[in-house]
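Worksheet for the structure shown next.
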Amino acid sequence: DAGVIQSPRHEVTEMGQEVTLRCKPISGHDYLFWYRQTMMRGLELLIYFNNNVPIDDSGMPEDRFSAKMPNASFSTLKIQPSEPRDSAVYFCASDRTNTGELFFGEGSRLTVL
Amino acid sequence: QQPVQSPQAVILREGEDAVINCSSSKALYSVHWYRQKHGEAPVFLMILLKGGEQKGHDKISASFNEKKQQSSLYLTASQLSYSGTYFCGTESSGGYNKLIFGAGTRLAVHP
Chain A
1 DAGVIQSPRH
11 EVTEMGQEVT
21 LRCKPISGHD
31 YLFWYRQTMM
41 RGLELLIYFN
51 NNVPIDDSGM
61 PEDRFSAKMP
71 NASFSTLKIQ
81 PSEPRDSAVY
91 FCASDRTNTG
101 ELFFGEGSRL
111 TVL
Chain B
114 QQPVQSPQAV
124 ILREGEDAVI
134 NCSSSKALYS
144 VHWYRQKHGE
154 APVFLMILLK
164 GGEQKGHDKI
174 SASFNEKKQQ
184 SSLYLTASQL
194 SYSGTYFCGT
204 ESSGGYNKLI
214 FGAGTRLAVH
224 P
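Sequence lines, in order, name chains A and B. Using our numbering, read the first sequence as starting at 1 and increasing by one per residue. Using our numbering, read the second sequence as starting at 114 and increasing by one per residue.
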């Protein structure tokens with residue numbers, strides 16, 4: 001079975017540009033999480049969904065960040081406009097209810113110049 | 114709210130043992146342990162639910178003391194493959210909730 005699939009793997013953009021990161025969770029998983037990882041802050045939870053519904057977005061840093069999950073097999077994290085401090089590795093993870101085991105994608109490394 | 118991990122880094126020779134600690138200021142429902150190798154995604158090791166249980170995964174085991182709001186990860190007879198960063202993640206309410214990770218403990222195992 002395929003794991004969590006993220007795209008793009010690497011993104012280099014200029015400040016002010018819009019960035020869209022994509023995630024396909026594992027089929028049958030009803031929880032989806034977006035994490036951001038930096039050296040300074042470690043793994044930060046940005047937002048998570050249950051059955052496509054956002055449950056907690058308190059970790060989303062600013063209004064520049066938005067996330068959607070239009071269906072069970074797809075989610076996006078959008079940053080508009082992007083800033084250099086948004087540079088990080090963004091991980092998507094999925095989980096099936098009550099297992100407690102997060103399956104992480106390979107991450108999207110974002111560099112904002 | 115972020116759990117505190119100690120030590121920040123550990124250097125071992127193959128075959129040596131190590132303990133990584135994780136503590137929280139909040140009452141915990143569960144503790145999760147993950148390992149991340151450089152340039153890769155975190156990988157699940159184990160989950161401990163409140164009840165003071167202890168679990169094992171090969172030569173890696175963990176304990177959870179819910180009264181002290183602490184968990185420890187024990188790595189015995191370390192192998193080169195154990196190198197990486199270990200994260201504890203805590204869940205602080207009953208039922209499924211968000212997982213907050215500690216800052217991580219970097220472990221390097223040398224021959």
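Glycine is no exception: its CB is placed at the ideal position from the N, C-alpha and C atoms.
Checklist entry - Among all the DSSP beta bridges, which residues are the ones paired with Asn71/A? => result Beta-bridge pairing links Asn71/A to Phe74/A.
Item to check | Span of the beta strand (DSSP E), counted from its first residue to its last, around Met159/B | outcome: Note, Met159/B: beta strand (DSSP E), 156–162.
Item to check | Three-state secondary structure assigned by DSSP to Gly95/A | outcome: First, the residue type needs correcting, since residue 95/A is Asp and not Gly in the sequence shown. Looking at Asp95/A - three-state DSSP - the assignment turns out to be strand.
Next on the checklist: I want to verify the contact list: residues of chain B whose CB lies under 7 Å from the CB of Tyr48/A, in sequence order.
Outcome noted: Within chain B, Lys211 have C-beta atoms less than 7 Å from the C-beta of Tyr48/A, given in sequence order.
Checklist entry - For Lys78/A, which option in Phe104/A, Pro8/A, Phe103/A has the closest C-alpha, if you only look at C-alpha atoms? => result Pro8/A
Item to check | Where Ser136/B sits in the DSSP three-state scheme | outcome: strand
Next on the checklist: Let's test the definition: count the other Cβ atoms within 10 Å of the Cβ of Gln277/B and tell me whether it reaches 16, buried, or not, exposed.
Outcome noted: Since the first residue of chain B shown is 114 and the last is 224, residue 277/B is not available in this structure.
Checklist entry - Which of helix, strand or coil does DSSP assign to Leu43/A? => result Leu43/A: strand per DSSP, three-state reduction.
Checklist entry - So, is Thr97/A buried or exposed, given that buried needs 16 or more other C-beta atoms within 10 angstroms? => result Exposed, since its Cβ has fewer than 16 Cβ neighbours within 10 Å.
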